[in-house]
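For the sequence shown, position 82 matches number 103 in my numbering, and the numbering has no gaps at all. Here a beta-carbon is modelled for each residue, glycine too, at the ideal position from N, C-alpha and C. The structure appears below as structure tokens.
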Amino acid sequence: MALDRSDVEQIAHLARIALHGDDITATTDKLAGIMGLIDQLQAVDTSGIEPLAHPLETTQRLRTDAVTEINQRDALQAIAPATEQGLYLVPRVIE
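Below you can see the structure in the form of structure tokens.
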């Protein structure tokens, strides 16, 4: 896909980017190069290739699901102004 100056000006307008003079020419060249790379990628035959979730075929190491901390709820709630059935009570702020 070829881009010309008017296309780049329209893209810049939509993106709310101010481009002037030589900036437009340089941006047009850069965007044309990017579009060329996209065209090269589109030309590659990927039929029969399954998509990957990650580029490296690895399994995630998981730790064992074991309790490592003791229950400190009662000790932590002892300093709270108001608790009920293990929950912190807070004043109502919206009526």
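By alpha-carbon positions, which one of the options ends up nearest to residue i?
i: A23; options: Q93, D43, D50; result: D50
i: Y109; options: I100, E116, L58; result: I100
Per DSSP, what are the beta-bridge partners of residue i in this structure?
i: T104; result: Y109
Could you give the DSSP three-state label for residue i: helix, strand or coil?
i: G42; result: coil
i: G69; result: coil
i: D115; result: First, the amino acid is wrong: residue 115 is Ile here, not Asp. DSSP places I115 in coil when its eight states are reduced to three.
i: V29; result: helix
i: L35; result: helix
i: A47; result: helix
i: I91; result: coil
i: D60; result: helix
i: L77; result: coil
**Request:** Would you be able to state if there are at least three C-beta pairs under 8 Å between the region 23-39 and the region 51-61?
**Result:** yes
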